[in-house]
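Undergrad: When we follow our numbering, the leftmost residue of the sequence shown carries the number 18, and every step to the right adds one.
Just so you know, even glycine gets a beta-carbon here, dropped at the ideal spot from N, CA and C.
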Amino acid sequence: MMNFRTAATVVFVFFLSIMAKAQYTMHKMVSVGYTYQNQSFGEVGGKLLFLKNDDVIYRLGGSALMGSAGSKFAIMPKLQADVMLNFEKNVDFYHAYYLLIGAEGTNKYIAPKIGVTLFGLLDLAGGYAFPIGDARLNGKEMKGLNINLTLNIPTVFIHDMFK
18 MMNFRTAATV VFVFFLSIMA KAQYTMHKMV SVGYTYQNQS FGEVGGKLLF
68 LKNDDVIYRL GGSALMGSAG SKFAIMPKLQ ADVMLNFEKN VDFYHAYYLL
118 IGAEGTNKYI APKIGVTLFG LLDLAGGYAF PIGDARLNGK EMKGLNINLT
168 LNIPTVFIHD MFK
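(1) Tell me the DSSP bridge mates of TYR53?
(2) State the DSSP-derived secondary structure class of ALA127, mapped to helix, strand or coil.
(3) Rounded to whole angstroms, what is the Cα-Cα separation between VAL173 and LYS45?
(4) Decide if ARG76 is buried, meaning its Cβ has at least 16 other Cβ atoms within 10 Å, or exposed.
(5) Is it buried or exposed, THR42, if we count other Cβ atoms within 10 angstroms and call 16 or more buried?
(6) For GLY144, which residues of its own chain have a beta-carbon under 7 Å away from its beta-carbon, when the five flanking residues on both sides are left out?
(7) Per DSSP, which residues does TYR75 bridge with? Please list them.
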């Protein structure tokens with residue numbers, strides 16, 4: 018069975034090979050959100066958004082999930098990869114929502130997910146988490162329903178806000 022590092026490397030190389038074929042614009046974002054994975058977790062991290070046009074957008078991210086598991090505070094690292102699809106070309110402001118398809122992984126579980134995103138800034142996604150081996154977080158098994166609500170704030174917006 019593949020371990021987490023191998024899976025993350027395969028996903029990373031896959032997205033790099035896709036982006037090497039064309040010129041993509043990259044945008045940095047800070048993300049904050051809520052994740053439910055048999056427990057409630059707060060999420061803080063960063064994402065890179067890659068786009069060539071407005072109908073297919075790729076996003077890679079890393080964050081920390083923080084919450085209480087087994088009556089103890091716990092932190093889990095999380096990597097994620099998303100593809101956002103808008104089925105109409107060159108109408109990004111008139112068609113502000115995108116279908117979001119992706120996967121996230123921690124050192125405890127891997128979860129494919131599907132959802133919607135508004136301008137790529139506000140995400141609502143859900144999926145099912147599969148545990149990695151017998152991994153547990155403070156005795157709590159991390160499998161089952163996975164729900165994410167995330168706000169992605171472009172760093173350009175943050176910079177302009179404090180001018």
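TA: Looking at the coordinates:
(1) To locate residue 53, count along the sequence shown from 1; it is residue 36. DSSP lists SER57 and ILE164 as partners of TYR53.
(2) Locating residue 127 in the sequence shown gives position 110, counting from the first residue. Residue 127 is actually Ile in this sequence, not Ala. It is a strand residue.
(3) Translated into positions along the sequence shown, residue 173 becomes position 156. Translated into positions along the sequence shown, residue 45 becomes position 28. When rounded, the distance between both Cα atoms is 8 Å.
(4) Taking the first residue of the sequence shown as 1, we reach residue 76 at position 59. ARG76 is buried by the Cβ-count criterion.
(5) By one-based count along the sequence shown, residue 42 stands at place 25. Exposed: under 16 other Cβ atoms inside 10 Å.
(6) Translated into the one-based positions of the sequence shown, residue 144 becomes position 127. Only ALA128, PRO129, LYS130, ILE131 and ASN163 meet the Cβ criterion.
(7) By one-based count along the sequence shown, residue 75 stands at place 58. Answer is PHE67 and VAL100, bridged to TYR75.
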